[in-house]
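Using our numbering, read the sequence shown as starting at 2 and increasing by one per residue. One structure below.
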Amino acid sequence: MGGSKNVYASVKSYSQRGKLLKRADFQTLAESRDLEELMTRIKNTIYGDAVSDVQKPYTSQGVESALRGHLADVHYSIAKTAGDSDILDAYYMKFIVSNLKLILKGKVLGKSQEELEAHINLHAEELIKQRDIIIKALVAKDLEEAVASLNSVQFGEEIAKAAALYNERKNIQIFDTYFDKILYQQLGRALKNTRDRDVIKLVGMDVDFYNLLSVIRGKFWGLEEAQIQDLIVTQTPTVPRELLGRMMAAASVRDALNELSNTKYKNLIPQVENELDAVAEFERAFEMSLYHSSSRAFTKMFSFATIIGITKLTAFEVRNLAAIAYAVEQKIPTDVTMSKLILEEE
Numbered sequence: 002m003g004g005s006k007n008v009y010a011s012v013k014s015y016s017q018r019g020k021l022l023k024r025a026d027f028q029t030l031a032e033s034r035d036l037e038e039l040m041t042r043i044k045n046t047i048y049g050d051a052v053s054d055v056q057k058p059y060t061s062q063g064v065e066s067a068l069r070g071h072l073a074d075v076h077y078s079i080a081k082t083a084g085d086s087d088i089l090d091a092y093y094m095k096f097i098v099s100n101l102k103l104i105l106k107g108k109v110l111g112k113s114q115e116e117l118e119a120h121i122n123l124h125a126e127e128l129i130k131q132r133d134i135i136i137k138a139l140v141a142k143d144l145e146e147a148v149a150s151l152n153s154v155q156f157g158e159e160i161a162k163a164a165a166l167y168n169e170r171k172n173i174q175i176f177d178t179y180f181d182k183i184l185y186q187q188l189g190r191a192l193k194n195t196r197d198r199d200v201i202k203l204v205g206m207d208v209d210f211y212n213l214l215s216v217i218r219g220k221f222w223g224l225e226e227a228q229i230q231d232l233i234v235t236q237t238p239t240v241p242r243e244l245l246g247r248m249m250a251a252a253s254v255r256d257a258l259n260e261l262s263n264t265k266y267k268n269l270i271p272q273v274e275n276e277l278d279a280v281a282e283f284e285r286a287f288e289m290s291l292y293h294s295s296s297r298a299f300t301k302m303f304s305f306a307t308i309i310g311i312t313k314l315t316a317f318e319v320r321n322l323a324a325i326a327y328a329v330e331q332k333i334p335t336d337v338t339m340s341k342l343i344l345e346e347e
């Protein structure tokens, strides 16, 4: 990436960081009595333009879709400013992957094309001329046809594996994990082409997060070792393959987590006995750690890590806003909502 582009993109990232919402802003939004009030409050933030076209009657889906479209613009703009970057391209793939994930899970649940369209925002795909991939899967009559329609795309093989394992285990979360694998495999490959230690540290944590969580989930689902092995992204920046191997061979979720006690992730090991709670707590603790590492990326001016940092922080922010919209719609208490967001602790 060119030096001057890097500097300009880094300055832009710092500027964008200054516009991020504060904890108090999220608190105010979460206290909204209904979606009408929430929309009024969002319109008083930097997201005013992003939600201006949301039609009444308001739904959390409609709000989330508008925010995702805005997020695509932000990420696309940062990537364009920074110039060619395999890493930023890999992060951008998250938009495509999450739409495909929604569609395939929707097909499993027997949802109609109209129902699925309400959940999907194609703006990210339109920006990079990839809309056709999503449309083909969307108009397919069932899961089998959707998987076949994706056969020729670069990650068609992984999608076919996901469908096969789902048919065997009937666990819909398998689609989440396999689609995440597509994303993190791209990230892992992109990492191979950089020597920037700050970038390796920041992006490497994401790949570690995926690998460790996949092993833990695989243990929880009772998958065979070979099946868990197939979920792993081969580029493992800081978690050695031997460690992943020991975790896979462990007798239980708890034993697998205990294998982390001599690693830099030892503080993330949950202290609960219930396996379902342990998986959820580990995931949340790791996500908080990813959030903090993204915030720390701004300690060095003009570093490419700042550009990745803002990409990740804006994604966390939009995710928080979508969670608030859902919580307000479902009348979930404010304190419960706030406890679930990925934010700086008080």
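Just so you know, even glycine gets a beta-carbon here, dropped at the ideal spot from N, CA and C.
Contact criterion: CB-CB distance below 8 angstroms. Does residue i meet it with respect to chain D?
i, result
"R285", "Here chain D cannot be found, since the structure has a single protein chain."
Applying the 10 Å Cβ sphere with the 16-neighbour rule, what's the burial state of residue i?
i, result
"N45", "exposed"
"Q272", "exposed"
"F173", "The sequence given here places Ile at residue 173; Phe does not occur at that position. Per the 10 Å Cβ criterion, exposed."
"N7", "buried"
"L367", "In the structure as shown, the chain begins at 2 and stops at 347. Residue 367 is therefore absent and cannot be evaluated."
"Q17", "buried"
"N268", "exposed"
"E146", "exposed"
"K20", "exposed"
"L277", "exposed"
"G223", "exposed"
"S99", "buried"
"A250", "exposed"
"S11", "buried"
"A80", "buried"
"G219", "buried"
"A119", "exposed"
"K57", "exposed"
"K102", "buried"
"K108", "buried"
On a CA-only basis, which of the options is nearest residue i? Give me that one, please.
i, options, result
"E122", "K95, L151, S66 and L105", "Residue 122 is actually Asn in this sequence, not Glu. Of the candidates K95, L151, S66 and L105, the one whose C-alpha sits nearest the C-alpha of N122 is S66."
"A324", "Q62, Q17, L101 and N7", "Q62"
"M206", "A73, L144, E225 and F287", "F287"
"A252", "P241, E226, T239 and V240", "E226"
"F317", "K106, R69, R42 and Y59", "R69"
"F176", "L203, K106, F299 and V8", "K106"
"L139", "L151, N168, L128 and K130", "L151"
"L188", "K95, M248 and P241", "K95"
"E115", "L244, K142, V75 and L203", "K142"
"D85", "I47, T195, E158 and L101", "T195"
"E345", "Y92, Y9, S153 and K23", "K23"
"V319", "Y15, Y48 and L166", "Y48"
"V193", "Y15, Y9, A91 and Q228", "Note that residue 193 is Lys in the sequence shown here, rather than Val. The candidate whose alpha carbon is nearest that of K193 is A91."
"E169", "S113, I135, L213 and Q228", "Q228"
"V204", "L244, K130, D87 and I135", "D87"
"N263", "N275, P241 and E274", "P241"
"Y155", "Q131, Y167 and L166", "Position check: residue 155 holds Gln in this sequence, whereas Tyr was assumed. When each option's Cα is compared against that of Q155, the closest is Q131."
"Y15", "R285, I183, V329 and T300", "T300"
Ordered along the chain, which non-local residues of its own chain (more than five positions away) have a Cβ less than 6 angstroms from that of residue i?
i, result
"Y327", "S61"
"S215", "T178 and L232"
"S295", "G310, K313 and L314"
"Y185", "V208, Y211 and V234"
"I270", "L258 and L261"
"K13", "T82"
"T335", "A31 and E32"
"H71", "A51"
"A125", "A73 and F96"
Output needed for residue i: all residues of its chain with C-beta closer than 7 angstroms, excluding positions within five of it in sequence on either side, in chain order.
i, result
"V148", "I160, A161 and A164"
"I217", "V254, A257, L258, V280 and F283"
"D181", "Y211"
"L144", "L105, K108, V109 and A164"
"R247", "E260"
Kindly list the residues whose CB is nearer than 8 angstroms to the CB of residue i, restricted to its own chain and excluding five residues on each side of it in sequence; keep chain order.
i, result
"V64", "L36, L39, M40, I43, V52, V55, L322, A323 and A326"
"L89", "H76, I79, A80, A83, I308, I309 and T312"
"K265", "T239"
"I129", "Y77 and Y93"
Comparing the CB of residue i with every heavy atom of the ligand ZN, is any distance shorter than 7 angstroms?
i, result
"S304", "Looking at this structure, you won't find the ligand ZN or any other ligand, since it has none at all."
Subject >> Stretch pair the stretch 329-345 + the stretch 17-28: three plus CB contacts closer than 8 angstroms >> reply: yes
Subject >> beta strand (DSSP E) runs wholly inside the stretch 97-171, at least 3 long, in chain order >> reply: none
Original post:
Quick one: any contact between the stretch 34-50 and the stretch 291-300, if contact means 3 or more CB pairs under 8 angstroms?
Top reply: no
**OP:** Decide if the stretch 301-309 is in contact with the stretch 184-204; the criterion is three or more beta carbon pairs, one per stretch, under 8 angstroms apart.
**Re:** Yes: the two stretches touch, three or more of their Cβ pairs being nearer than 8 angstroms.
Original post:
Can you list, in chain order, the stretches of the alpha helix (DSSP H) that have 4 or more residues and sit fully within the stretch 176-244?
Top reply: 198-222 and 226-232
Original post:
Which whole runs of the alpha helix (DSSP H) in the stretch 6-37 are 4 residues long or more, in chain order?
Top reply: You should have 24-31.
Original post:
At which residue ranges does the stretch 256-281 contain complete alpha helix (DSSP H) runs of 4 or more residues, listed in the order of the chain?
Top reply: You should have found no qualifying run.
Original post:
At what residue ranges does the stretch 273-343 contain a whole run of the alpha helix (DSSP H), taking only runs of 4 or more?
Top reply: 276-297, 305-330 and 335-341
Subject >> Complete runs of the beta strand (DSSP E) confined to the stretch 73-100 [at least 3 residues] >> reply: none
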